[in-house]
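Have a look at the structure below, then the notes.
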Amino acid sequence: MAASKLPPTIALDSDNEGLVVEIIDQTLLPNETSILQLRTVAEVCEAIESLRIRGAPAIGCAAAAGVALCASRSGAATEDPLLGQLESAIAQLAATRPTAVNLFWALERMRKTIARPPLPPREQLAEALALEASKIIADDLARCHAIGKYGARLLQPNSRILTHCNAGALATAGYGTALGVIRAADEAGLLNMVWVDETRPLLQGARLTAWELAQEDIDCIVITDNMPASLMARGLVDAVIVGADRITACGDVANKIGTYGLAVLADYHDIPFYVAAPISTVDYQLTSGDDIPIEERSAQEITHLGGHSDLPVVPVGVEVFNPAFDVTPNELVSAIVTDRGVARPPYEEALARFIPNA
Ligand code: MRU
136 MAASKLPPTI ALDSDNEGLV VEIIDQTLLP NETSILQLRT VAEVCEAIES
186 LRIRGAPAIG CAAAAGVALC ASRSGAATED PLLGQLESAI AQLAATRPTA
236 VNLFWALERM RKTIARPPLP PREQLAEALA LEASKIIADD LARCHAIGKY
286 GARLLQPNSR ILTHCNAGAL ATAGYGTALG VIRAADEAGL LNMVWVDETR
336 PLLQGARLTA WELAQEDIDC IVITDNMPAS LMARGLVDAV IVGADRITAC
386 GDVANKIGTY GLAVLADYHD IPFYVAAPIS TVDYQLTSGD DIPIEERSAQ
436 EITHLGGHSD LPVVPVGVEV FNPAFDVTPN ELVSAIVTDR GVARPPYEEA
486 LARFIPNA
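Take 136 as the starting number for the sequence shown in my numbering and just add one per residue.
In structure tokens:
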């Protein structure tokens, strides 16, 4: 496994008072690579809400780290008040972003660790939670490598791949899901180049995916979100690969707004449309994509370029609509690449084979 040239998206460290959660502040990329140290649950929540850390698996890792941090830095003298603090931390972290199921999946793993009888003394519970958060982070990295291995097998030599948003090392504990497949394809000599959708309104493609690929000298070209139809019509795209925030039991896929449009275009042009995600992104409780909660974000992200420039690009007072995700119906998805293997239609059966035991 080649060592990554990127700093870790998230890492656990400690100071005299307990755990410290370290993340790359993704809002500053590509202009500044700055490591933020988070010491309170409120800081972790703010980092998730403001997309300093983002991407479905990465926010799951951050939420788990937030729970561990709460236990580790708690001033509670006994277990009882600590349990109350942990419940409150879990509730605050669960309220940060609604769409990516990995957040709730990771919090559930932390909740199970807390509930595992008998309740240990305060220090041991804090250690168990730190260990569980570290495992979630390490597992996610391993899952991404497995996704890469399975996904690269789907690609033809000399592939020109189009991707949307950032489903890379920055969106996971490292290596990435869609970008994991792209990295593995590159390592296997199958990749020609990557078309990177800029991904309005927050430009995760232009700012983050292009940054990651450039760090590793993987050839990429950034395009605006209104160009893929024309590129496909000209025969310049061999496959589309995207990540996912939540996949239902029947294979409907919530991902960054604009993904659904790409799937329709890929279908029309007879181009394979692949989704890459760890099995922790599959919500086996939901059968229909209509039931996936879609986050709506602030108008400022659309009225001001990149969300935080001083220059408005929409007349003051004009209404905007900013859903952060859309849902691609399963019939438009050629295959779902998971860490347990590749699921093909019919997805209900294929995904059921991958149901995790734990
Ligand atoms: O709003 P974001 O940047 O968190 O949205 C991220 C995406 O839509 C990703 O494609 C998805 O989370 C998969 S990340 C491996």
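For each residue, glycine too, the CB sits at the ideal point set by N, CA and C.
Non-local beta-carbon contacts of Arg232 in its own chain, meaning distances under 8 Å to residues more than five positions away in sequence, involve Ile183, Glu184, Ile194, Leu238 and Glu430 in chain order.
In this structure the stretch 248-268 does not touch the stretch 284-293; the number of beta carbon pairs closer than 8 Å is below three. In the displayed model, Thr168 falls within coil according to three-state DSSP, outside both helix and strand. The nearest non-hydrogen atom of ligand 1 is less than 7 Å from the C-beta of Arg189.
When Cβ pairs closer than 8 Å are counted between the two stretches, the stretch 267-284 is seen to touch the stretch 145-155, the count reaching three or more.
Asn301 is positioned such that its CB atom lies closer than 8 Å to that of Gln339.
For Glu322, the three-state secondary structure derived from DSSP is helix.
Secondary-structure assignment with DSSP links Phe408 through a beta bridge to Val375. Counting every other CB atom within 10 Å of its CB across the protein chains shown gives Asp445 a total below 16, marking it as exposed. With contacts defined as CB atoms closer than 8 Å, Gly378 and Ala313 qualify as a contacting pair. Taking 4 residues as the minimum length, the alpha helix (DSSP H) runs contained wholly in the stretch 433-479 are 435-438, in order along the chain. The stretch 257-265 makes no contact with the stretch 451-462: fewer than 3 CB pairs, one atom from each, lie closer than 8 Å. Taking C-beta atoms as the reference points, Phe408 and Ser469 count as a pair closer than 8 Å. Under the three-state reduction of DSSP output, Ile158 falls in the strand class.
Note on the stretch 236-299: whole alpha helix (DSSP H) runs with a minimum of 4 residues are 236-250 and 257-287, in chain order.
The beta carbon of Gln172 lies closer than 6 Å to those of Val155 and Glu157 in the same chain, with the five residues before and after it left out. With a threshold of 7 Å, the Cβ atom of Asn390 counts as near ligand 1, since some heavy atom of the ligand is closer than that.
With a cutoff of 8 Å on beta-carbon distance, Asp354 and Thr298 are scored as not near each other. Beyond the five residues adjoining it in sequence on each side, Ala323 comes within less than 8 Å, by CB distance, of Ala287 in the same chain, given in chain order. If the five residues before and after Cys205 are omitted, its C-beta is found closer than 7 Å to the C-beta atoms of Val176, Gln220, Leu221 and Ala224, all from its own chain and listed in chain order. Leu147: not part of any alpha helix (DSSP H); member of the beta strand (DSSP E) spanning Ile145 to Asp150, first to last residue. Bounds of any beta strand (DSSP E) do not take in Cys385, whose DSSP letter is neither H nor E.
Leu186 has its Cβ nearer than 7 Å to a heavy atom of ligand 1. Under DSSP, Leu163 shares a beta bridge with no residue.
When the five nearest sequence neighbours on each side are left out, the beta carbons in the same chain lying within less than 7 Å of the beta carbon of Gln161 are those of Leu186, Arg187, Ile188, Arg189, Leu305 and Leu343, in order along the chain.
Annotated three-state conformation of Glu431 is strand, per DSSP. The beta-carbon distance between Ile382 and Thr416, rounded to whole angstroms, is 5 Å. This is short enough to meet the 8 Å contact definition.
With a 10 Å radius around the Cβ and a threshold of 16 neighbouring Cβ atoms, Glu347 comes out buried. Residues of the same chain with a CB within less than 7 Å of the CB of Gln350, apart from the 5 flanking positions on each side, are Lys140 and Leu141 in chain order.
Bounds of any alpha helix (DSSP H) do not take in Ile358; it lies within the beta strand (DSSP E) bounded by Cys355 to Ile358. Selection Ala212, Leu440, Asp387 and Val453 evaluated against Pro336 yields Leu440 as nearest (Cα-Cα). Spanning the alpha carbons of Cys196 and Leu242 requires a straight line of approximately 9 Å.
For Tyr419, no alpha helix (DSSP H) run applies, since DSSP gives it neither H nor E.
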